[in-house]
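Q:
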Amino acid sequence: MHRLNVALTGLLFTLATPALARSSIDGTWKADTTTAKLSTKPDIFVIKDGMYDCSSCAPPYKIAADGKVHPVAGRDYWDAGSVALIDPATLQWTRYRKGVSISSTKVAVSPDGNTLTFTSVSADNALGKSIASSSLAKRVGPAPAGAHATSGSWVGINEGAQIAEENLVATISMVDDVVTMTLGTGEHYAAKLDGPQTPFVGDKAGAMVALKRAGTGFVETDYVNGTAIGTYTYIPQDETTMTMKAFNMKAGTTEEYTLKKQ
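If you count by mature numbering (1 follows the signal peptide of the UniProt record, and there is no 0), then the sequence shown holds residues -21 to -1, 1 to 241, one letter each, in order.
1. Report all residues from its chain with a CB closer than 7 Å to the CB of residue 131; omit the five preceding and five following residues, and keep chain order.
2. Measuring CB to CB, does residue 140 end up less than 8 Å from residue 115?
3. Any idea what DSSP makes of residue 218, helix, strand or coil?
4. Measure the beta-carbon distance from residue 210 to residue 199 and round it to whole angstroms, keeping in mind my assumption that it falls under 8 Å.
5. Quick one: is residue 230 near chain C, going by C-beta distance under 8 Å?
6. Could you name each continuous beta strand (DSSP E) segment of 3 residues or more that falls completely within the segment 112 to 148, going from the start of the chain to the end?
7. Would you list the one or two residues that DSSP bridges to residue 223?
8. For the beta strand (DSSP E) that contains residue 33, what are its first and last residues?
9. If you measure between the beta carbons of residue 145 and residue 161, is that distance less than 8 Å?
10. Since residue 216 contacts residue 7 with CB under 8 Å, what's their CB separation in whole angstroms?
11. Are the Cβ atoms of residue 224 and residue 56 separated by less than 8 Å?
12. In terms of residue numbering, what span does the beta strand (DSSP E) encompassing residue 73 cover?
13. Please state if the CB of residue 193 and the CB of residue 175 are separated by a distance shorter than 8 Å.
14. Considering only their Cβ atoms, is the gap separating residue 58 from residue 77 smaller than 8 Å?
15. Just the Cα atoms here: how many angstroms apart are residue 73 and residue 60?
16. Let me know if residue 149 comes out buried or exposed under the rule of 16 or more other beta-carbons within 10 Å of its beta-carbon.
Take a look at the structure:
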């Protein structure tokens, strides 16, 4: 499962360090979406004259908004997409990998034009389980004249998010500097602190992870095809709380979450 989701689904990772007792760090952790510090960098896309143009995507791309599947280059987790206009206030995004649909997101704008609701369904995870989540964004830039009402510049907001439990939880343990992490969607790894890259088992892009110590926490770097795509910095606050800061290298965005031990 790609842990840098543009539809603002929850991210959660876990931490274990020699500075903390095993009993205080082993267990299940959950992200608190109500206090998340989401990226303030806008998502910018326009649907006009039959085309969908995402200028903020990394890299940017443009495809026909005709409901048909079109190739999209430069993505780690998908290789084609479709955009269908449902009505003047709603569209449907669908992503594909190797000819198979892997996720679908309905995007609807509010009557006042200032709020987007993303409703996503995907079974693109190690469990093969269909998982639904929803999140919201607020308008920070207008739609061009003649464009579909969902067009414009948007930033995510915490209010109203309904993120599936599987996307918020993970279970961890640590033995002899080896951190074992299992996400709620089934992806997992066992990686040594300050050790070599290790497979992120079940990840659909075949990602590798490497861990580095950082004070009482650590920094995780994820790689796809040998290229670093993101870092995750985990810092414990006490025995039941830690922070996780995620940096998306391609998009240049940072988000921060508080994780609570369950």
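Note that CB positions come from ideal geometry on N, CA and C, so glycine has one too.
A: Let's see:
1. Counting only Cβ-Cβ distances below 7 Å, and skipping sequence neighbours, we find 118, 120, 121 and 122.
2. yes
3. coil
4. At roughly 7 Å, the Cβ-Cβ gap stays under 8 Å, so residue 210 and residue 199 are in contact.
5. Chain labels in this structure do not include chain C; a single protein chain is all it has.
6. 131 to 141
7. 213 and 236
8. Element bounds for residue 33: 30 to 33.
9. no
10. Going by Cβ atoms, the distance from residue 216 to residue 7 rounds to 17 Å, so no, they are not a contact pair.
11. No, the pair does not count as a contact, with Cβ atoms beyond the cut-off.
12. 69 to 76
13. no
14. yes
15. Looking at the two C-alpha atoms, the distance is approximately 6 Å.
16. buried
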